[in-house]
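Counting with the working numbering, you get residues 6 to 631 for the letters of the sequence shown.
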Amino acid sequence: MEAPLSTWPWEKLGSFKYLLYGLFVSKVMYSRYQEDSIKATWCLHVLILCALRGLIYQLWSSFSNMLFLTRNRRIIKQGVDFKQIDKEWDWDNFILLQALMASLAYYTFPNLVNLPIWDLNGFMVITVLHVVFSESLYYYLHKSFHGSYLFKHYHSLHHSSAIPQPFTAGHAIFLEQILLGAVIGVPILGSYLMGYGSVAMIYGYVLVFDFLRCLGHCNFEIIPHQLFLAFPFAKYILYTPTYHTLHHTEMGTNYCLFMPLFDVLGNTLNPKSWDMHTKASIESGKNGRVPDFVFLAHVVDMTSALHVPYVFRSFSSTPFSTKLYMIPLLPLSFLAMLVMWLYSKPFLNTFYYLRGYLHQTWVVPRFGFQYFLPFAAEGINKQIEQAILRADRLGVKVISLAALNKNEALNGGGTLFVNKHPNLTVRVVHGNTLTAAVILNEIPKHITEVFLTGATSKLGRAIALYLCTRQVRVLMLTSSTERFQKIQKEAPAEYQKYLVQVTKYQAAKHCKTWIVGKWITPREQKFAPAGAHFHQFVVPPVLPIRSDCTYGDLAAMRLPPDVQGLGSCEYTMERGVVHACHAGGVVHSLEGWTHHEVGAIDVHRIDLVWEAALKHGLMPVSSFKD
C-alpha cells in the first residue's frame, strides 16, 4: 500500500499535465480581453516565473553534460544511465505544484497583486528570513526524512538517483515538494506581511533558490578552493557541489539547504567535506582517466545536432527523430555550427564503461554536408588527424572512425593517417569488418542470388567476395568494368563465375534479396519484385516506400547488458545499440588487437571479428525475419 501523499495527483496524465498551466493562461487572457485590464497580473508572473525556473534547470543540466568542459571537474565519474533518466523524467512536477500553491497564496492574500516592482529593503529582509526560517526548517525536515519510516516511504526516491544532476533536485515525491514549497514560501510571505514585499524580490529569491539547488546537484566542482582560503567563513555560508554530493554518497551527513553552518551546529558535518572540495578543485586542471577506446563521430545535420545530452537530456535518450518542438531551436543549431567551425577541435560528447574500460565519443565539429564539399576535405582531414594525435598523446588504445570520417574519397578509410604517422601507438579502426559481418549474417543461408548496389565500395567489395565463396551469385551493379574485374580477380578462380556485372536495375527484377550500398530512389526500388527484402549499409537509409517489400535496419549491434553510464542514443539507434563500425572498434579494443584496421576490408577476418563480437556479448539487432 502506498504511503499518503507519495504519488502525484496528475501522475497518470503524462505530458497532458502541462495543460494545467492553461488555468493560468486562461485567467490572464480573460482579464486582458474581457475585463479590458490585466487584473490577473499575479497569474502572468507565475507563468513567467515557471518558465524561468525551468530554464535555469535546463541550462544547468546542459552545462553539467558538456563533458568537453566539465569532464575533469566531475565528482562522481560514472555517467547518467537510461534508468536514472527515466526515473527523473517528470522532474519538473514541483514547478507546477508550486505554481498552484502560488495561486492559492494569491486568493488568500489578494493584495499580493499590488506589490511594488522594487524595494531594496525587501531583499535584506528576505535574506534574514531565509537564514532564520528556511535554512533551519529545511535542515530539520531533511534530517527527519532520513529517519527509517520517512526515508523508506518518501525520501528514498530522491536518493535512488545514483548520480546527482540538476534535474535530480526536482526528483522527489509529492509530500516532500509540498514541504519544499513551504520552505520557499515562508520568507516570501513573511516579507510581504512585514510590508517589504516586491515583485523583484519574489523573482530574485525564487530564481536564486533554484540556482543554488542546481549548483549543489550539478556533480562537477565549479567553486574554487581559493575562495575559502581567502574568506574562511564563506565555507559555512555557501555549500559546494562536492559538499552536497557527499550527502548522496555518505548519507547521514550534510543535511543543510545551502549553508553548512547548520550542519556544524547540528553536528552532522561530514569531516571530509573541505578536504574533498580542495582536492576536486586542485585536480580540475588535470586530465582524468584516459579512455581505452574513442569513437570519433560527426554531426549529421542541423536537426540531429540537437540530439546531444547537453541540449535536452530526455531527447537524446530516445532514438533521434525530427520533432516539431525542436524547429525553433534551429537558429541556435546554426549558430553552434558557426562556433564549431571557429573552434575546429573535436570535443567529448558521451562516455560509458564496458567491462571496466572507459569508452568515449568525440565529435568532429563538421556537419554532414561539409564532407561533400571538395574545398573542405583538407580541413576535415586535419581535424580528424588532430583527434588521432591527441588520442595517441593521451594513451588511448583504439580510436574508431564513424561513417564520413573514414570516407574512401576523403582519406582512404583511414589509410592516410596511418601512412603519415607510422609510429602511432593508438590503433586506428574503421570498423567496417564488423559492419560487413553484420550484413552478411542477416542474409539467410539458403539464398542463392543477391543484387548488390555500391558494389565496388569498400563494404560492397568485401560482401561480394565473401558471398561468392558461399556459391551465392552476386549481381554487382556498376558501370565500371575495370573496377568489377579488379574485384573479380581477387576471388578464388573457382568462385569468380559467381560475380556478375550488371549495369541496370532491371537486371534484378527477379531477385528478392537486395543489398543496398548506394542510395536508391523510389523509382529504382520499383524494379524489385514483390516480397523482396532490402538489406542496406547506406547512409541515410533508403525510403521504405514499397508496402509489398521489407526493409532492413542499418548494420548495428546491441552492447552487452553490463554497460554502465550510457544515457544517450546513437543517432536513430535504439537504447544500448550502436552502429556496427562503433561496435567494431569496441571489439578491437576488448580483444587487444594491435593492428590498424584501415583501407580495404580483410575478407578472411570477417568471421573472426563476428565471433569475437558475440564472445564479448554484443548482439545483432536486425529486425529481418526470413
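Heads up, the beta-carbon is just placed ideally off N, CA and C, and yes, glycines get one too.
Keep in mind it's a predicted model, so treat the numbers as computed, not measured.
### Query
Buried or exposed: where does D631 fall if 16 or more other Cβ atoms within 10 Å of its Cβ makes it buried?
Since pLDDT at D631 reaches only 49, below the 50 mark, its modelled position is unreliable, and no value is offered.
### Task
Can you grab the Cα-Cα spacing for the pair E596 / P296, in whole Å?
16 angstroms
### Classification of I385 by the beta-carbon crowding that lies within 10 angstroms, buried from 16 upward
buried
### Whole alpha helix (DSSP H) elements within the stretch 453 to 529, 4-residue minimum
463 to 473, 486 to 495
### Query
Among R395, N412, V368, P497, which has the Cα closest to the Cα of P379?
N412
### Query
Ordered along the chain, which non-local residues of its own chain (more than five positions away) have a Cβ less than 7 angstroms from that of R610?
T438
### Query
Any heavy atom of the ligand GDP closer than 8 angstroms to the Cβ of P351?
Absent from the structure shown: the ligand GDP. Ligands present: none.
### Among K88, G570, T430, the one whose alpha carbon lies nearest that of L359
G570
### Query
How would you call M256, buried or exposed, if buried means at least 16 neighbouring beta carbons within 10 angstroms?
exposed
### Query
M345: buried (16+ other C-beta within 10 angstroms of its C-beta) or exposed?
buried
### Query
Looking at the structure shown, is S552 part of a helix, part of a strand, or coil, going by DSSP?
coil
### I468 beta carbon less than 9 angstroms from that of H525
Note on identity: in this sequence residue 525 is Ile, with His being the wrong assignment. No, the Cβ-Cβ distance between I525 and I468 is not below 9 angstroms.
### Message
So the candidates are L24, L262, F156, V188; which of them puts its Cα closest to the Cα of L101?
### Response
L24
### Task
Return the chain-ordered list of same chain residues with a C-beta closer than 7 angstroms to the C-beta of A512, the five sequence neighbours on each side being excluded.
L480
### Query
What separation, rounded to the nearest whole angstrom, lies between the Cα atoms of C219 and F179?
19 angstroms
#### Entry: Under the three-state DSSP convention, the category Y362 falls into
strand
### Query
How would you label L335, buried or exposed, when you count the other beta carbons within 10 angstroms and need 16 or more for buried?
exposed
### Task
Please check the pair V305 and Y62, which I expect to be a contact at CB under 8 angstroms, by giving their CB distance rounded to whole angstroms.
Not a contact, Cβ separation roughly 28 angstroms.
### Task
Quick one: measure Cβ to Cβ for H158 and A8, integer angstroms, because I've assumed they're closer than 8 angstroms.
4 angstroms
### Task
Using beta-carbon positions only, say whether C223 and F68 come within less than 9 angstroms of one another.
yes
### Query
For S405, does the three-state DSSP call read helix, strand or coil?
strand
### Query
Bridge partners of R371, per DSSP?
None, per the DSSP bridge assignment.
### Message
Just to confirm the assignment, what range does the alpha helix (DSSP H) spanning L54 have?
### Response
46 to 69
#### Entry: Inter-residue spacing [alpha-carbon to alpha-carbon] between F542 and I183
53 angstroms
### Query
Skipping 5 residues on each side, what residues in its chain have a beta carbon closer than 7 angstroms to that of M199?
V130
### Query
Using a C-beta cutoff of 9 angstroms, does Y23 count as contacting chain C?
Within the model displayed, chain C is absent; a lone protein chain is all it includes.
### Message
Please state the DSSP three-state secondary structure of Y357.
### Response
strand
### Query
Taking just the CA atoms, how far does P246 sit from V582?
32 angstroms
### Message
Per DSSP, what are the beta-bridge partners of L559 in this structure?
### Response
Q541
### Message
Quick test of your reading: V299 and A396, contact by CB under 8 angstroms. State the CB separation rounded to the nearest angstrom.
### Response
5 angstroms
#### Entry: Contact belief for I122 with V204 at Cβ below 8 angstroms, rounded distance in angstroms
5 angstroms
### Query
Around the Cβ of D558, are there at least 16 other Cβ atoms within 10 angstroms (buried) or fewer (exposed)?
buried
### Message
Just to confirm, is the Cβ distance from S66 to Y244 under 9 angstroms?
### Response
no
### Query
Once you ignore the five residues that flank E495 on each side, which residues in its own chain have a CB closer than 7 angstroms to its CB?
L470
### Task
Please report the residue range of the beta strand (DSSP E) in which R79 lies.
That residue, R79, is in no beta strand (DSSP E); it is neither H nor E in DSSP.
#### Entry: Helix, strand or coil at V434 [DSSP, three-state]
strand
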